[in-house]
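Please read the structure below before turning to the comments.
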Amino acid sequence: MLTPETKIAIYRMMYLAQQWEMQLLRFLDDGQVSGFYHAGRGHEALEVASMMAVRTDDYLLYDHRGCAHMIAKGMSMVELYGDFLGNDKGSTTGLGAGIVHIADPAHGVLGQSGTLGGGHVLAAGAALSIKIRKTDQVAVNFFGDGAANRGTFHEGANVAGAWKLPMIYILQNNGWAISTPQARVTAVEHFSERAAGYGMVGVTIDGMDPWLVYETMAEAVERARTGGGATLIEGMVNRQRGHYEGDPMTYRPDEEIAAAKALDPVPATRQRLVDEGVLDDGALTELETEVLAEVQAAAAEAQTGTLPGRERLDQGVYA
Amino acid sequence: MSTTSPVAPATGQAPVRRISYSRAINEAMAEEMERDERVFVMGQDVGAFGGVFGLTRNLYKRFGADRVIDTPISETFLVGGGVGAALTGLRPIVELQYADFLWNAGDEVIGKMSKWRYMHGSLFTVPMVLRLPEGAAGGAGPEHSTCPEAALLPATGTYIVIPSTPYDAKGLLKSAIRDDNPVAFFEHKGMYGLKGEVPEEEYTIPLGQADIKRAGSDVTVIAWGRLVHRALEAAELAAAEGIDVEVLDPRGLRPLDVEAITRTIEKTGRVVITHEAGRTGGAGAEIAAIIAETCLTSLEAPIRRVCGIETPIPQSLHLEQFIIPTADDLFQAIKETAAF
Numbered sequence: 001m002l003t004p005e006t007k008i009a010i011y012r013m014m015y016l017a018q019q020w021e022m023q024l025l026r027f028l029d030d031g032q033v034s035g036f037y038h039a040g041r042g043h044e045a046l047e048v049a050s051m052m053a054v055r056t057d058d059y060l061l062y063d064h065r066g067c068a069h070m071i072a073k074g075m076s077m078v079e080l081y082g083d084f085l086g087n088d089k090g091s092t093t094g095l096g097a098g099i100v101h102i103a104d105p106a107h108g109v110l111g112q113s114g115t116l117g118g119g120h121v122l123a124a125g126a127a128l129s130i131k132i133r134k135t136d137q138v139a140v141n142f143f144g145d146g147a148a149n150r151g152t153f154h155e156g157a158n159v160a161g162a163w164k165l166p167m168i169y170i171l172q173n174n175g176w177a178i179s180t181p182q183a184r185v186t187a188v189e190h191f192s193e194r195a196a197g198y199g200m201v202g203v204t205i206d207g208m209d210p211w212l213v214y215e216t217m218a219e220a221v222e223r224a225r226t227g228g229g230a231t232l233i234e235g236m237v238n239r240q241r242g243h244y245e246g247d248p249m250t251y252r253p254d255e256e257i258a259a260a261k262a263l264d265p266v267p268a269t270r271q272r273l274v275d276e277g278v279l280d281d282g283a284l285t286e287l288e289t290e291v292l293a294e295v296q297a298a299a300a301e302a303q304t305g306t307l308p309g310r311e312r313l314d315q316g317v318y319a
Numbered sequence: 320m321s322t323t324s325p326v327a328p329a330t331g332q333a334p335v336r337r338i339s340y341s342r343a344i345n346e347a348m349a350e351e352m353e354r355d356e357r358v359f360v361m362g363q364d365v366g367a368f369g370g371v372f373g374l375t376r377n378l379y380k381r382f383g384a385d386r387v388i389d390t391p392i393s394e395t396f397l398v399g400g401g402v403g404a405a406l407t408g409l410r411p412i413v414e415l416q417y418a419d420f421l422w423n424a425g426d427e428v429i430g431k432m433s434k435w436r437y438m439h440g441s442l443f444t445v446p447m448v449l450r451l452p453e454g455a456a457g458g459a460g461p462e463h464s465t466c467p468e469a470a471l472l473p474a475t476g477t478y479i480v481i482p483s484t485p486y487d488a489k490g491l492l493k494s495a496i497r498d499d500n501p502v503a504f505f506e507h508k509g510m511y512g513l514k515g516e517v518p519e520e521e522y523t524i525p526l527g528q529a530d531i532k533r534a535g536s537d538v539t540v541i542a543w544g545r546l547v548h549r550a551l552e553a554a555e556l557a558a559a560e561g562i563d564v565e566v567l568d569p570r571g572l573r574p575l576d577v578e579a580i581t582r583t584i585e586k587t588g589r590v591v592i593t594h595e596a597g598r599t600g601g602a603g604a605e606i607a608a609i610i611a612e613t614c615l616t617s618l619e620a621p622i623r624r625v626c627g628i629e630t631p632i633p634q635s636l637h638l639e640q641f642i643i644p645t646a647d648d649l650f651q652a653i654k655e656t657a658a659f
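In the order they appear, the protein sequences are chains Z and F. If you read the first sequence in the working numbering, its first letter stands for residue 1, the second for the next number, and so on. If you read the second sequence in the working numbering, its first letter stands for residue 320, the second for the next number, and so on.
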């Protein structure tokens, strides 16, 4: 199932997502992008490998943590940059959606609830729609350990379990709900323990291991497509940066941050490809050079966009 | 004094059948489900039971469990799940058991149903209808009796439709189901048994068109939902005293037929606005402001509002009746406005 080609494709996408974000952070530093960005460094393996195990017509309700899941789902890097730059190259043609409200119906990217955890019930509705329309699509809902505690999760997960909906919940557990550590507000050690209460399969995995993520996701997707119902995948990950750019992270011990950064899944996956003999260093460097050029080209194209005028405001409110 | 029918326009010579408001709503759903396989219904107890107010009667038998879905008591799922289904190719009709449950699904109604399309760059449509049984009827108490339509006025993106007759209910609901925008559809529980003329043949009523329920020249009463009928009663009391009342039913608040409102004010120069919800923050305030902005100089008398009493609605059936404006309350306001 996990062929060398797939492994290479996963690493390529992880590296691309990482580089895409590094360029976005440069835009932020330059003052070209305003607003809050919730960097996804450290989450690449979970976001990328899971999305590489689904099809274009499967649905994604992403979360605010980086953009790797959207990129891996097939969204254009130009459109993503355009949304952050707030110009007409963006998916929302100038609404300046930033991280929160990017969308791409052609790739099944349904958007995101700005109020965290709002996606739990929308995703369940999308999964119900799949069941009613009798297709073999799946709906995937990303969220963090913070949004896992929303009441909406209960309502969404309950019907997903009761009706065996083709629903996959991907919980990115980095242990921090902004500044609040999980243990302070949650009794269970692993959220996957809750899955049983909804009649769905729940697993906790190392979300930094892209091979494991891919295989776990492939199994969940197969279960969903064949009527076996919903899965809750809890991926343990490390948030390398602040909740948002500019977060002073005074609440987090320095050694904990250093440990998180030391476990960076991007170079770790690169090393794995070398160790497993899938690609050598030279071939990887070549791949990375190619990716960097793609990212830079996308960034340059996005910067050619123009900011909308005031008339953009009331366009498209109603169908 | 000229009058137009408070129910349905006459259709030729054949007698028009009379059915209840609830049956009209049921027929609209059944016909649209027949017409378009993307339409489905979900709500609490809407399946074999047919809904607590009987609105979905026989739909389960006719269309099956896949299209008439009993849900758990989960309002955030009902509305949020409806949005998710609407984004992915279906046209849900979501029944909240009581309109008051809007608050249980506040973010899903305001943040998701109303805004999803716009905030995602108009890349989606959200073709869903949220059916909302509202109003004081039968002593359902403070949490099951309100008319919260004004709460949705700031929810740009969602249409607000409020039918007052079986004829309007059927024609407006069919249009709402076919519309690509989310529609909050308020049905007054106290009218479910009300009968009126509804033709056998297919018809729809465009959203956002006011209806003159009674034409007159002296004073306009703007009323919607159940209060249309009290306004019509009050108009008869006024007629006996030589005051010719026009009753304008906006049939909803968004789209709002501002042109029709302006036209009637320019005609009568006097207006009483009435609704069952309380005066403070009620939709009458918005309509009064629009009148002031668009046709203040046509007014011969101050704008008058006759609204529900501003207390939580008592559980006691005996006290409940005093909450809602009566025909006599309206008649007094009409007389005073006419005499100003």
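Glycine included, C-beta positions come from ideal geometry on N, C-alpha and C.
Using a beta-carbon distance below 9 Å, is residue i in contact with chain Z?
| i | result |
| --- | --- |
| ARG450 (chain F) | no |
| SER324 (chain F) | Any reading at SER324 (chain F) must be qualified, since the residue scores a pLDDT of 45, below 50, and its modelled position is unreliable; no value is offered. |
| THR656 (chain F) | no |
| MET320 (chain F) | The predicted position of MET320 (chain F) is uncertain, since its pLDDT is 36 and thus under 50; a value taken from the coordinates is nonetheless stated next. Answer no: the Cβ-Cβ gap between MET320 (chain F) and chain Z never drops below 9 Å. |
| LYS380 (chain F) | no |
| ILE388 (chain F) | yes |
| VAL266 (chain F) | This structure gives no information on residue 266 (chain F), because the portion of chain F shown stretches from 320 to 659. |
In the DSSP assignment, find the alpha helix (DSSP H) that holds residue i and state where it starts and stops.
| i | result |
| --- | --- |
| HIS120 (chain Z) | 119–133 |
| MET510 (chain F) | Segment: none, MET510 (chain F) is in no alpha helix (DSSP H) and carries neither H nor E. |
| ILE584 (chain F) | 577–587 |
| SER50 (chain Z) | 44–51 |
| TYR11 (chain Z) | 4–29 |
| GLY403 (chain F) | 394–406 |
| HIS637 (chain F) | 636–639 |
| GLU256 (chain Z) | 254–262 |
What would DSSP say about residue i, mapped onto helix, strand or coil?
| i | result |
| --- | --- |
| THR152 (chain Z) | helix |
| ARG436 (chain F) | helix |
| GLY305 (chain Z) | coil |
| LEU61 (chain Z) | strand |
| SER321 (chain F) | Bear in mind that the predicted position of SER321 (chain F) carries a pLDDT of just 38, short of 50, making it too unreliable to give a figure here. |
| ASP537 (chain F) | coil |
| CYS614 (chain F) | helix |
| ASP329 (chain Z) | Residue 329 (chain Z) falls outside the range modelled here, since chain Z spans only 1 to 319, and no answer is possible. |
| GLU311 (chain Z) | helix |
| HIS107 (chain Z) | helix |
| PRO181 (chain Z) | strand |
| LYS380 (chain F) | helix |
Which residues bound the beta strand (DSSP E) around residue i?
| i | result |
| --- | --- |
| ARG410 (chain F) | 410–414 |
| PRO452 (chain F) | 448–453 |
| GLN362 (chain F) | Per the sequence shown, residue 362 (chain F) should be read as Gly rather than Gln. It spans 358–362 - the beta strand (DSSP E) in which GLY362 (chain F) sits, taken as one unbroken run. |
| THR656 (chain F) | Where THR656 (chain F) is concerned, there is no enclosing beta strand (DSSP E), although the alpha helix (DSSP H) it sits in stretches over 646–658. |
| MET167 (chain Z) | 167–173 |
| ASP568 (chain F) | 564–568 |
| ARG55 (chain Z) | Counting along the chain, ARG55 (chain Z) falls outside any beta strand (DSSP E), and DSSP gives it neither H nor E. |
Kindly say whether residue i, judged by its beta-carbon, lies nearer than 9 Å to any beta-carbon of chain F.
| i | result |
| --- | --- |
| VAL100 (chain Z) | yes |
| GLY156 (chain Z) | yes |
| ASP104 (chain Z) | yes |
| ARG133 (chain Z) | yes |
| GLY115 (chain Z) | For the record, residue 115 (chain Z) in the displayed sequence is Thr; it is not Gly. For THR115 (chain Z), the answer is yes, since a Cβ of chain F falls inside 9 Å of its Cβ. |
| SER129 (chain Z) | yes |
| THR231 (chain Z) | no |
| THR92 (chain Z) | yes |
| TYR11 (chain Z) | no |
| GLN182 (chain Z) | no |
| THR306 (chain Z) | no |
| GLU311 (chain Z) | no |
| HIS243 (chain Z) | no |
| HIS107 (chain Z) | no |
Measure how close the beta-carbons of residue i and residue j come, nearest whole angstrom, since I'm counting them as under 8 Å.
| i | j | result |
| --- | --- | --- |
| GLN182 (chain Z) | ARG65 (chain Z) | Not really, about 15 Å apart at Cβ, beyond 8 Å. |
| VAL266 (chain Z) | GLN18 (chain Z) | 5 Å |
| ILE338 (chain F) | ILE412 (chain F) | Not really, about 19 Å apart at Cβ, beyond 8 Å. |
| VAL540 (chain F) | VAL566 (chain F) | 5 Å |
Residue i versus chain B: which residues are under 7 Å apart at the beta carbon?
| i | result |
| --- | --- |
| HIS439 (chain F) | Of the protein chains in this structure, namely Z and F, none is chain B. |
Legend entry - chain Z contacts from the region 458–483 of chain F (Cβ-Cβ distance under 7 Å): THR475 and GLY476
Inset, instruction - Output, in sequence order along the chain, the residues in the region 401–417 of chain F whose CB is closer than 9 Å to any CB in chain Z. - result: GLY401, VAL402, GLY403, ALA404, ALA405, LEU406, THR407, GLY408, LEU409 and PRO411
Legend entry - Contact residues within the region 132–153 of chain Z, judged by C-beta distance below 8 Å to chain F: ILE132, ARG133, ALA139, GLY151 and THR152
Legend entry - Near-chain F residues of the region 57–90 of chain Z - C-beta to any C-beta below 7 Å: TYR59
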